[in-house]
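Residues are numbered in the working numbering as their position in the sequence shown, beginning at 1, plus a constant of 116. A virtual CB, placed ideally from N, CA and C, is assigned to each residue, including glycine. Working notes for the structure below.
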Amino acid sequence: MQLRIIEATKHAEELEPSEQKPAHNRCEDGRMKAQITELEAACQQLKTVGPQLDIAQETIEQRKERGEQIEVGSDDGYDRSRKEICDHIKGRAKVLSALEDHRRSKSKLLRRLQENRTELERLEEKKRNREGILALMEAQESHWSVDKPVVTLSSKVVVH
């Protein structure tokens, strides 16, 4: 990055005054593009390192709260912190795995529940249809019972 800026500056200084303005603008554009590229790379690096730094900061704060001595520059302290961070990451991975398993089983149960609801609705409708048919049959039986006389067209009714 620095090398690009130096080259662009040298190139701008070598140009004659009449050529300098358009060429200078191109050099400035080049410098700006180089700076933008460098900033984007730094942002990407921060995105990848940021979560690890957050975990390390949490670990350090937890150790301070417990009253543990924080050793600066000690390999042993670094290894312990690194191990704690790795353990913390593994713990989160286990929790995420368990959560995914829970979501999968939950979705299976919801699917089965929906299937059971559909089956229950079908069976309830079948039951209502049977009850309706039984009620109809009972009504017909009571209408055609032996206790009541049946009047047909061939019967003659004599009224006095």
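Sub-8 Å separation of residue i and residue j beta-carbons
{"i": "H204", "j": "T234", "result": "no"}
{"i": "A172", "j": "I152", "result": "no"}
C-alpha gap between residue i and residue j, whole angstroms
{"i": "D170", "j": "E154", "result": "23 Å"}
{"i": "M148", "j": "P167", "result": "29 Å"}
{"i": "S197", "j": "T164", "result": "19 Å"}
{"i": "G183", "j": "K199", "result": "19 Å"}
{"i": "L239", "j": "R246", "result": "10 Å"}
{"i": "E156", "j": "A150", "result": "10 Å"}
{"i": "E216", "j": "L226", "result": "15 Å"}
{"i": "H276", "j": "E241", "result": "Because the pLDDT of H276 is 48, which lies under 50, any placement of that residue in the model is unreliable, and the question is left without a value."}
{"i": "L229", "j": "E237", "result": "12 Å"}
{"i": "V211", "j": "S221", "result": "15 Å"}
{"i": "E177", "j": "Q161", "result": "24 Å"}
{"i": "Q256", "j": "H218", "result": "56 Å"}
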